[in-house]
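Notes follow the structure.
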Amino acid sequence: MSNDFDILVLRLDAPLMSFGAPVVDQQGKIQAFPAQSLVTGLLANALGFDRSEHERLASLQRRLAYAVRQDRAGQKITDYQTVDLTPAHMSSYVWTKAGRKQRRTGKDREILHRDYWADAIYTVALTLDPPDEAPPFMDDVEAALKRPERPLFIGRKTCLPAASLFVNRTRREARSLADGLVAALADPDAAPLAERANQPAGQRYPMWWPLAAGSERRPEEERRQSYTDQRDWQNQIHVGERWVAQGKIELNTAASDE
Numbered sequence: 299m300s301n302d303f304d305i306l307v308l309r310l311d312a313p314l315m316s317f318g319a320p321v322v323d324q325q326g327k328i329q330a331f332p333a334q335s336l337v338t339g340l341l342a343n344a345l346g347f348d349r350s351e352h353e354r355l356a357s358l359q360r361r362l363a364y365a366v367r368q369d370r371a372g373q374k375i376t377d378y379q380t381v382d383l384t385p386a387h388m389s390s391y392v393w394t395k396a397g398r399k400q401r402r403t404g405k406d407r408e409i410l411h412r413d414y415w416a417d418a419i420y421t422v423a424l425t426l427d428p429p430d431e432a433p434p435f436m437d438d439v440e441a442a443l444k445r446p447e448r449p450l451f452i453g454r455k456t457c458l459p460a461a462s463l464f465v466n467r468t469r470r471e472a473r474s475l476a477d478g479l480v481a482a483l484a485d486p487d488a489a490p491l492a493e494r495a496n497q498p499a500g501q502r503y504p505m506w507w508p509l510a511a512g513s514e515r516r517p518e519e520e521r522r523q524s525y526t527d528q529r530d531w532q533n534q535i536h537v538g539e540r541w542v543a544q545g546k547i548e549l550n551t552a553a554s555d556e
């Protein structure tokens, strides 16, 4: 039995992108594909959500389902950062990300290491499940991606996209949500033309897609792995466990030639 899935396709293309993973000490690590918290935050920013709307953010994150294709592998670079906390105006209180005033404790200088992907391109196919539970709906998300409420960034505020994120909207009939997302990313129309021109025939692209309980193994699947890439929006930490399949996919060029 097939179901009909309403899917949006996005292109993540920027000089620098940060797919943040759980932070340990001063090490800002990244993972190989965009985290669920990143895609949630990206959509929420486009929709004009406020950082303090924890329940709305959590609801959007829970409903979000997406798959990712790597069109061009980036180079991992590490930014060495130092923060001088000795000025008088920073010696007693500071403002937190949540907008609260807090007494500062700790060292006078912080040293941070932040990883980025440089010169990478990814394509994302996403949907909301269930699609009509509550706002936002797919129409709202599409409109927000075309005309976002605020400037968008991919992971960190310095990671500005090189072009509009929205690629297209498509409907897919498939047995499962994951099958529908994978089918959307197998469509050549969802691939960057410049990258397709530079790739040999039969090129297979790395890809990640969500796993539901009892999911059957797809032919493209190479491994399964759990990720802690959801966010507790009130406490601003990564939480939970999400299972993701990884494999490689070839673009469905036969369909484009018909």
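Count the sequence shown with the working numbering and you get residues 299 to 556, in order.
Glycine residues also receive a C-beta, built at the ideal position from the N, C-alpha and C atoms.
Beta-carbon gap between LEU483 and ALA365 smaller than 7 Å: Translated into the one-based positions of the sequence shown, residue 483 becomes position 185. Translated into the one-based positions of the sequence shown, residue 365 becomes position 67. Yes; because the gap between Cβ atoms is below 7 Å, this pair is in contact.
Whether ASP417 touches GLY372 by CB criterion (7 Å): In the sequence shown, residue 417 corresponds to position 119, counting from 1. In the sequence shown, residue 372 corresponds to position 74, counting from 1. Yes, the pair counts as a contact, with Cβ atoms nearer than the cut-off.
Pairwise C-alpha distance: LEU336 and ALA344: By 1-based counting over the sequence shown, the position of residue 344 is 46. By 1-based counting over the sequence shown, the position of residue 336 is 38. Approximately 12 Å, taken between the alpha carbons.
Whole-Å CB distance - GLU519 paired with GLY545, under 8 Å assumed: Sequence index remark: in the sequence shown, residue 519 carries index 221 (1-based). Sequence index remark: in the sequence shown, residue 545 carries index 247 (1-based). Right, the Cβ-Cβ distance comes to about 4 Å (below 8 Å), so this counts as a contact.
Limits of the unbroken beta strand (DSSP E) element including LYS374: Position 76 of the sequence shown, counting from 1, holds the residue named residue 374. From DSSP, the beta strand (DSSP E) with LYS374 extends over 373-382.
Classification of ASP311 by the beta-carbon crowding that lies within 10 angstroms, buried from 16 upward: For the purposes of this step, residue 311 is taken as residue 13 along the sequence shown, with counting starting at 1. Buried, since its Cβ has 16 or more Cβ neighbours within 10 Å.
Identity of the residue in TRP531, ARG529, ILE535, ARG521 nearest TRP541 by Cα: Your numbering for residue 541 matches position 243 in the sequence shown. Among TRP531, ARG529, ILE535, ARG521, the Cα nearest to that of TRP541 is on ARG521.
Top-ranked residue by Cα proximity to GLU471, from LYS327, VAL480, LEU340, PRO446: Residue 471 sits at position 173 when you count from the first residue of the sequence shown. Closest by alpha carbon: VAL480.
Three-way DSSP call (helix, strand, coil) for THR468 in this model: For the purposes of this step, residue 468 is taken as the residue at position 170 of the sequence shown. Here THR468 sits in strand by DSSP.
Residue environment, SER316, which counts as buried when at least 16 other CB atoms sit within 10 Å: Residue numbering aside, residue 316 sits at position 18 when the sequence shown is read from its first letter. Buried.
Span of the beta strand (DSSP E) around LYS546: Locating residue 546 in the sequence shown gives position 248, where the first residue counts as 1. Taken as a continuous stretch (DSSP letters only), the beta strand (DSSP E) holding LYS546 covers 540-548.
Paired residues, beta bridge with LEU306 - DSSP: Counting from one through the sequence shown, the residue named residue 306 turns up at place 8. Bridge partners of LEU306: LEU424, ARG467.
Three-pair Cβ contact test at 8 Å for the region 503-515 versus the region 341-360: no
Beta-carbon proximity check, LEU306 vs ARG467, cutoff 7 Å: Here residue 306 refers to the residue found at position 8 of the sequence shown. Here residue 467 refers to the residue found at position 169 of the sequence shown. Cβ distance < 7 Å, so LEU306 and ARG467 count as in contact.
Alpha-carbon to alpha-carbon, VAL422 and GLN359: Looking up residue 359 in the sequence shown gives position 61. Looking up residue 422 in the sequence shown gives position 124. Straight-line Cα distance between these residues: approximately 15 Å.
Nearest-angstrom Cα separation, counted from LEU549 out to LEU362: Start at 1 with the first residue of the sequence shown, and residue 362 comes out as number 64. Start at 1 with the first residue of the sequence shown, and residue 549 comes out as number 251. Spanning the two alpha carbons is a distance of roughly 24 Å.
Distance between VAL381 and ARG407 (C-alpha atoms, nearest Å): Taking the first residue of the sequence shown as 1, we reach residue 407 at position 109. Taking the first residue of the sequence shown as 1, we reach residue 381 at position 83. Rounded to the nearest angstrom, the two C-alpha atoms are 6 Å apart.
LYS327 versus TYR525: straight-line alpha-carbon distance, rounded: Here the question's residue 327 lines up with position 29 in the sequence shown. Here the question's residue 525 lines up with position 227 in the sequence shown. If you take the alpha carbons of LYS327 and TYR525, they lie about 13 Å apart.
PRO320 versus PRO428 - alpha carbon distance: As a working note, residue 320 is residue 22 in the sequence shown. As a working note, residue 428 is residue 130 in the sequence shown. Distance between the alpha carbons of PRO320 and PRO428: 28 Å.
Member of SER513, THR425, ASP348 whose CA lies at the smallest distance from the CA of ASP302: Within the sequence shown, residue 302 is the residue found at index 4, counting from 1. Of the listed residues, the one whose Cα sits closest to ASP302 is THR425.
Unbroken alpha helix (DSSP H) run spanning GLN532, endpoints: As a first step, residue 532 must be located in the sequence shown, where it is residue number 234. That residue, GLN532, is in no alpha helix (DSSP H); it is neither H nor E in DSSP.
Inter-residue spacing [alpha-carbon to alpha-carbon] between GLY453 and ASP477: For the purposes of this step, residue 453 is taken as the residue at position 155 of the sequence shown. For the purposes of this step, residue 477 is taken as the residue at position 179 of the sequence shown. Distance between the alpha carbons of GLY453 and ASP477 is about 27 Å.
Assumed close pair TYR420, GLN379 - CB separation to whole angstroms, cut-off 8 Å: Within the sequence shown, numbered from 1, the residue matching residue 420 stands at position 122. Within the sequence shown, numbered from 1, the residue matching residue 379 stands at position 81. Going by Cβ atoms, the distance from TYR420 to GLN379 rounds to 25 Å, so no, they are not a contact pair.
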